[in-house]
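K.L.:
Handing you a structure now.
4 protein chains.
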Amino acid sequence: MVEWRRDFHKYAESGWVEFRTASLVASRLEEWGYTVKAGKEVVDVNARMGVPPADFLKENEKRALDQGAVAKWLPSFSGGFTGVVGILKTNKPGPVIGLRFDMDALDIQESDSEDHVPQRDGYVSINEGMMHACGHDAHTSIGLGLAKLLSEMKDELSGTIKFIFQPAEEGVRGAKSMVEAGVMDDVDVFVASHIGTGIPAGEVVSGANGFLSTTKIDVTYTGVAAHAGGSPEEGKNALLAAASAVLNLHSIPRHSSGQSRVNVGVLKAGSGRNIIPASAHLKVETRGETIEINEFILENAINIIKGSAAMHDVDVHYEIVGEAKTSDSSARLKTYIEEVAKEVDEVRSIRSESPNAAGSEDATYMMDRVKKNGGLASYVIFGTTLAAGHHNEKFDIQEDSMIMAVKTLSKFVLNIDRLKLD
Amino acid sequence: MVEWRRDFHKYAESGWVEFRTASLVASRLEEWGYTVKAGKEVVDVNARMGVPPADFLKENEKRALDQGAVAKWLPSFSGGFTGVVGILKTNKPGPVIGLRFDMDALDIQESDSEDHVPQRDGYVSINEGMMHACGHDAHTSIGLGLAKLLSEMKDELSGTIKFIFQPAEEGVRGAKSMVEAGVMDDVDVFVASHIGTGIPAGEVVSGANGFLSTTKIDVTYTGVAAHAGGSPEEGKNALLAAASAVLNLHSIPRHSSGQSRVNVGVLKAGSGRNIIPASAHLKVETRGETIEINEFILENAINIIKGSAAMHDVDVHYEIVGEAKTSDSSARLKTYIEEVAKEVDEVRSIRSESPNAAGSEDATYMMDRVKKNGGLASYVIFGTTLAAGHHNEKFDIQEDSMIMAVKTLSKFVLNIDRLKLD
Amino acid sequence: MVEWRRDFHKYAESGWVEFRTASLVASRLEEWGYTVKAGKEVVDVNARMGVPPADFLKENEKRALDQGAVAKWLPSFSGGFTGVVGILKTNKPGPVIGLRFDMDALDIQESDSEDHVPQRDGYVSINEGMMHACGHDAHTSIGLGLAKLLSEMKDELSGTIKFIFQPAEEGVRGAKSMVEAGVMDDVDVFVASHIGTGIPAGEVVSGANGFLSTTKIDVTYTGVAAHAGGSPEEGKNALLAAASAVLNLHSIPRHSSGQSRVNVGVLKAGSGRNIIPASAHLKVETRGETIEINEFILENAINIIKGSAAMHDVDVHYEIVGEAKTSDSSARLKTYIEEVAKEVDEVRSIRSESPNAAGSEDATYMMDRVKKNGGLASYVIFGTTLAAGHHNEKFDIQEDSMIMAVKTLSKFVLNIDRLKLD
Amino acid sequence: MVEWRRDFHKYAESGWVEFRTASLVASRLEEWGYTVKAGKEVVDVNARMGVPPADFLKENEKRALDQGAVAKWLPSFSGGFTGVVGILKTNKPGPVIGLRFDMDALDIQESDSEDHVPQRDGYVSINEGMMHACGHDAHTSIGLGLAKLLSEMKDELSGTIKFIFQPAEEGVRGAKSMVEAGVMDDVDVFVASHIGTGIPAGEVVSGANGFLSTTKIDVTYTGVAAHAGGSPEEGKNALLAAASAVLNLHSIPRHSSGQSRVNVGVLKAGSGRNIIPASAHLKVETRGETIEINEFILENAINIIKGSAAMHDVDVHYEIVGEAKTSDSSARLKTYIEEVAKEVDEVRSIRSESPNAAGSEDATYMMDRVKKNGGLASYVIFGTTLAAGHHNEKFDIQEDSMIMAVKTLSKFVLNIDRLKLD
């Protein structure tokens, strides 16, 4: 697993361009006897969000091939359909168990400082501006380690085991497309997991609930340029629309039933000092402690985005580029996870809830679907010691934490009949 | 004239409620042999702007009667149609000469300081919150003085003399309605006049051009109130819409072809500190050095007014409550006015243009119509020494300046055949 | 009590002008044997907030006399020091029990509709623009009823009973001044109570915790007026500063540790459409689920209030006109209250917490002081059927709910030795 | 001249990095017998504005050497002191004549379309992102052509001829530094000239007056980043400060004494969607029809820039990166220019004023200094047919227009004793 993780780390691929990673995952799952579904079979064409431009996809696919992608699998993923599902049917009756592992890196330039272990030990990312700074390299490796282990213990298993390798979790862009492709429809018991998030090494959280529902929106205002000295009246000022949107977005009312958020994280407008800005681009996000609160903020945000364009007679285009729901881990499942975790030597403590205000996570889409179908779902966290915080250029995990994760999850699968389902 | 002026000053009546003033004007014109038209004959029902509420009109009509209005004429003016036109047909051929005098006071509480002459001499306004602080009491008296004089010299006159006593000049609300009623349609030569405006006593301006085209807009945003502590999300915040409008109205681009203006002079919003404001009222005005510039600012303003409502999902209602055009006094007419003014003893100097940046004036509507019909029009200023600036609570004129005005205008009428018309 | 309540209702007096009410309270307490402290003895001169102008105070004091205030007591209250404390020392040892009742009405015009009971039955407020629309008339009557009853049962009591009749609870302006005057310093057990607040008749809440910490701020921007057409550059625009403040105040960040609020409830700016606004007045409030959150919002608000003035080079003056803290009713005291309430026939149900998100309440200042001194404090709600919501022009209570309140509170005092104190 | 112009065009160098251009100019002037001053002798160290970072200067100096710069001269210019002055003293008495030619290119990527002549004929700019899109390549060539011609006619000349080759006119950054270095102090008669600007081929403008006084300001807000979901209260939002600045900058009052402008042409803020923006950069400019109006706008702008930072408790740094004054060409000099221009065959028409609203030009700094010292100054335009507007990626001039310019300017110098000086 350490080797795999370092390999994925070195060839970090960000959301929707996990061509090399996904091809290696698919290839290995197939080798170990899994039925593999890939690409458009498991990623709905219309439900993807925040997909990069076509030429960027093409360049990255080409690079993946140069960097050792398994050529056989690339056509499935071409165009950014980089999801993989591996299915292991046992001979014994039992539930369909879904396990989610995300594969994408972040758009961050990794540190080349000598005190950064991946740099020192030679597996720092060689892909410029892409870095595994959130541990998804470990997630993919844990998934593979677990898949290999379970394939070797097939006779001791019951039910069906479904490994779901998800693209584009960063920006909460990928999960919805796998849900819409039907991947979750037969899943009875579902676990998504994450490493780190501030939980110390040796500790397991059986079901984190703190995720905020969120929507990510890209907004572009398009006006008309004009010389600011010579003929200001001929311009349509996209920046004035954008600045009004910024101030007013932040003024969306607080909600009395829980936490809400809105942020304009990025604004870029204009082409030159003496030109009325003809374009402005915003990266916006809304969040809510409940789905309803997020929808309230979102609806207000869209009114503001449109209204500010109308004020300055400029065009506006906005696009939903990411979405996630709140999590609500099933109590019964959490109890079962706590039971099996107790039996793992490496687990030194267990918590039922994360102490940290979490951000957002689109595995919540999967959890929501499973629960709506009457199944159980939980979001498990495996603690590890971090060299630096998530999304930091010096982020690094303790690799032996992957052992704890594989052991816990394998016990989870092996003992599934101890979990009484309705 | 001094007696009349002090009487009008004491019983000051603001725009559209000049019931007493107009009834006295109509009564005297009739007495002196003028054909009098009044009320809806000379004020178009649909073209009035900024008319006060019905009950306010009714109260003021009642008060006018109590204060000595001529009862016979009140029915004509009832409901706020306080315009009067007096026509004197001579037996000799000649042009139709139009002369405009405005009658309305301002919504200002007059000073009760003993150094304010009207207070000292006992003719301070007794109508609370209404004051002749712009000299329209003198204008009305000049008009009457001139009308009486000319009626006595009828044999020496030629053509037709048309006295136009206009309501609601303040806020540029009344002229359009008289133009739309057809009052200007037969006028060949037109003079509107004003006293003061910074011109010293003894000086005459033959044709002021500096007026800005303007539009006055009342805006009301209507949202939904909610308790700001308990359920802020249930509110629709009219004040946020209004505040966005204020900032963005002021950001309408400058115009490269001339001066422009925009102002939000008054904003009132909200009912209590702990309530999301459900209403906001704005008094807005736009101006332009040309009609086109004013229209540019106005069009942008309306986009902003509507867009800011859309941003906060509140209703918006706006109403045009005043409008004026730019003036452009006819060169030929100015020359003639300079000639006759020279012959008046009290005139010590003559200028062809006002040195002061003027505000706006709706006689420009009348000038525009006359010129469009091929006639000549000018805006004449008669200088006077002011106790305090226009619209100040201690504004006061030098009464003998009215003599200079009547003499100049009577010479203007008497010698009209010296003005060669096409 | 009904008679008292209707009398207070008819002669409603708003915050800091409870001259008549306070004089009647003081007079009766004295009559029943209480040691009475009034005016500056119990209201700190420097800690009052949101006091009306001196002439308003004077007019209302004069009116109070005309409407039957007890002349002897007025000098104590003159200038707006309308607090009263009545102390009953028993002969038995025991704790000092503080009981808070607020006396002020709201600045609301009461309904004159015939379906409004006070109008129908002839005790509608005759004081224009003032109305008991929050039940403080009932609170004062309950306080008096309880005081009379206890004075008659003095032998059965132990410890010291301290009745605290507070002015200016609306706007959270008065409690701090009584705390700062030392009124709470010897109190061991404290109960503030409120009627209604959405709790049904027959129900008692033993200790409401939902109050938000809050600060009320009045802001005035002062710029320079100028003619908007003639010389806009000579103005300093107070409305632009205010509008910027409004938008930016609403954009203060949400706080991850709990609910926060900010509201600009009222904005009034400008004097005329064509004048650059030289003044703008805002009524602002901040709130927080904890005192720390409110302080965070407040600190940001003050930066914004000052910064927006600096932007437009106008002066700004702001004043804290109200403050309250969060409540945190003592668990032990709540349990005791539940015990005694159970023994009251009229009490049909008891809750330990209010289901309604409450606003703010400055009795929290008193609770805070008592608890800091090692005492116990609780905020008790007595349910009643409301004709219309609090602060509505048709608000009305069910008068017999006052019985339930007096019985519960008298049992509370009588059995105080059942409450084990440290 | 055509050859020179094409060479400069190909090796376009933007403001403060005209290393190659300036070295060739200095080298040739020296060769032709001019006394040459260069670098810090003619560019004041402290008065340069908008100088690029040191490493950018260094890279461009290196490139200049690679592209044929005259090595001998480079040390003078090193660090971005790329001004050159060439002085020709004649033996006859007479005035000091100053002639300004600017040398810098724009930060624009030149078109590689085959219908763009420089591309077709092989002298398109090979320096990425730099292009002579405003004709300064022609200006430099005209200056050199004129310098060569005059050096050959030295005996026919009188007084002193001073060629001023200015860096960094774009962004109005360079002139002030040459003025402050004393370059203009002995100049009696000064002409700055420009090609194109909408004037047709064959036409000369003897003295353009339409330039607006301007100031260019770079603004950076620096706040504190924080996770927008997890702990928004820990951020200090630089974008909110910037957005407030944008809206309020545009709301600076119009000025009644003439045209004014303000523009935020570029805004870049934030690093990621889910991060509170910790930085925001703005490119701002102000303009005025008079120096006083520009100063009024600038003073207001600085208040707004600072106040918006204070509102959001972020740091702000602003820097003046460009400045120009208004031009006011001397009437006597214009008349003389018209006389000599008439004698040039290529000149088909002469205007005394440009019909086009011009932008800004920092030769106005030089004109201002000369006039303050009692000299005469004018801004001359030589018409030419343009392939596309100034600052367009396909901008191109008609090369033979350079002949008209050289002939007119040489006649101007040769006949200088016809210009009667005081």
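Residue numbers (full-length UniProt numbering), protein chains in the order written: chain A, 1 to 422; chain B, 1 to 422; chain C, 1 to 422; chain D, 1 to 422.
The beta carbon of each residue, even a glycine, is placed where N, CA and C say it ideally should be.
#1: Helix or strand or just coil, what does DSSP make of residue 425 of chain A?
#2: Excluding sequence positions up to five away, which residues of its chain have a Cβ less than 6 Å from the Cβ of D:Ser279?
#3: If I'm right that D:Met49 touches D:Ala192 with Cβ under 8 Å, what's the distance once you round it to whole angstroms?
#4: Anything in chain C within Cβ reach of D:Met311, meaning under 7 Å, just list it in chain order.
#5: Can you list, in chain order, the stretches of the beta strand (DSSP E) that have 3 or more residues and sit fully within the segment 50–129 of chain A?
#6: Kindly list, in the order they appear in chain E, the residues whose Cβ is closer than 8 Å to that of A:Ala324.
#7: For a quick check, are the C-beta atoms of B:Phe395 and B:Leu409 less than 8 Å apart?
#8: So A:Asp104 and A:Glu156 are in contact, right, with Cβ under 8 Å, and what is the actual spacing, rounded?
#9: Check whether chain D comes within 8 Å of C:Leu240, counting only Cβ atoms and requiring the distance to be less than that.
#10: Are the C-beta atoms of B:Pro277 and some chain C residue less than 8 Å apart?
#11: Please list the partners that residue 491 of chain C has in chain D, where partner means a Cβ-to-Cβ separation under 7 Å.
#12: Looking only at its chain, what residues have a beta carbon closer than 7 Å to the beta carbon of D:Val187, apart from the 5 residues adjacent to it on each side?
#13: In chain A, which residues lie with their C-beta within 7 Å of the C-beta of D:Glu31?
#14: If contact is defined by three or more beta carbon pairs under 8 Å, each pair taking one atom from either stretch, is the segment 138–147 of chain B in contact with the segment 7–25 of chain B?
#15: By the three-class DSSP mapping on this structure, what secondary structure does A:Met367 have?
#16: Could you tell me which whole beta strand (DSSP E) segments of length 3 or greater appear in the segment 9–49 of chain D?
#17: Is it buried or exposed, A:His227, if we count other Cβ atoms within 10 angstroms and call 16 or more buried?
#18: Which class does A:Val344 belong to by DSSP, given the choice of helix, strand or coil?
#19: Taking 7 Å as the limit between beta carbons, can you name the residues of its chain near D:Ala309, skipping five residues before and five after?
#20: Who pairs with A:Asn263 in a beta bridge, going by DSSP?
#21: Below 8 Å, can you find three or more Cβ-Cβ pairs linking the segment 338–347 of chain D to the segment 58–70 of chain D?
#22: Tell me which residue opens and which closes the beta strand (DSSP E) that A:Gly322 is part of.
#23: Give a yes or no on whether 8 Å exceeds the smallest Cβ distance from D:Ser251 to chain B.
#24: Got a sec: which bits of the segment 256–271 of chain D sit with their beta carbon under 9 Å from any beta carbon on chain B, in order along the chain?
#25: For a contact defined as C-beta to C-beta under 9 Å, what are the partners of B:Arg254 on chain D?
#26: Could you compute how far the alpha carbon of C:Ala181 sits from the alpha carbon of C:Lys37?
#27: Measure the beta-carbon distance from C:Phe296 to D:Glu233 and round it to whole angstroms, keeping in mind my assumption that it falls under 8 Å.
#28: Just to confirm, is the Cβ distance from A:Val321 to A:Lys216 under 8 Å?
#29: Can you tell me the Cα-Cα spacing of B:Asn60 and B:Leu267, whole angstroms?
#30: Is residue 423 of chain A helix, strand or coil when you go by DSSP?
#31: Give me the chain C residues within the contact set of B:His227, using Cβ-Cβ distance strictly less than 7 Å, ordered along the chain.
#32: Please name the residue, chosen from B:Asn263, B:Asp55, B:Arg20, B:Gly196, that lies closest to B:Gly135 on a Cα-to-Cα basis.
#33: Among D:Ala54, D:Phe382, D:Tyr34, D:Phe56, whose alpha-carbon lies nearest the alpha-carbon of D:Met404?
#34: Give a yes or no on whether the C-beta atoms belonging to C:Met131 and C:Glu393 are separated by under 8 Å.
#35: Which chain B residues are close to A:Ser244, counting only those with a beta carbon under 7 Å from its beta carbon?
#36: Any Cβ of chain C within less than 8 Å of the Cβ of B:Ala230?
P.N.:
Put simply:
#1: Summary: the structure shown does not reach residue 425 of chain A, with chain A confined to residues 1 through 422, and so no result is reported for it.
#2: Thr222, Ala238
#3: No, D:Met49 and D:Ala192 are not in contact; Cβ-Cβ is about 18 Å, not under 8 Å.
#4: Asn248, Asn303, Ile304, Gly307, Ser308
#5: 84–89, 96–102
#6: Structure shown: chain E not included; protein chains present are A, B, C and D.
#7: Taking 8 Å as the Cβ cut-off, B:Phe395 and B:Leu409 do not qualify as a contacting pair.
#8: Actually they are not in contact, since the Cβ atoms of A:Asp104 and A:Glu156 sit about 33 Å apart, beyond 8 Å.
#9: Proximity of C:Leu240 to chain D, defined by a Cβ-Cβ separation below 8 Å, is satisfied.
#10: yes
#11: This structure cannot settle anything about residue 491 of chain C, because the visible part of chain C is limited to 1 through 422.
#12: In chain order, Val96, Gly98, Lys162, Val370, Gly375 place their CB closer than 7 Å to the CB of D:Val187, counting only its own chain and leaving out the 5 sequence neighbours on each side.
#13: Going along chain A, no residue has its Cβ under 7 Å from D:Glu31, so there is no contact; the nearest lies around 38 Å.
#14: yes
#15: Three-state result, A:Met367: helix.
#16: Assignment of beta strand (DSSP E) within the segment 9–49 of chain D, counting only whole runs of 3 or more residues, yields 35–38 in chain order.
#17: buried
#18: coil
#19: So the qualifying residues of the chain are Tyr221, Ala241, Asp315, Val316.
#20: A:Glu285
#21: no
#22: 315–324
#23: yes
#24: Ser256, Ser257, Gly258, Gln259, Ser260, Arg261, Val262
#25: Arg254, Gln259, Ser260, Arg261, Val262, listed in chain order.
#26: 11 Å
#27: 6 Å
#28: yes
#29: In a straight line, the C-alpha of B:Asn60 is about 26 Å away from that of B:Leu267.
#30: Here chain A comprises residues numbered 1 to 422, so residue 423 of chain A is not present and cannot be evaluated.
#31: Gly359
#32: B:Gly196
#33: D:Phe382
#34: Result yes, Cβ atoms of C:Met131 and C:Glu393 sit closer than 8 Å.
#35: Neighbours of A:Ser244 across chain B, judged by C-beta separation under 7 Å: Ser244, Asn248.
#36: Correcting the residue identity first, residue 230 of chain B is Gly in this sequence and not Ala. Judged by the 8 Å Cβ criterion, B:Gly230 is in contact with chain C.
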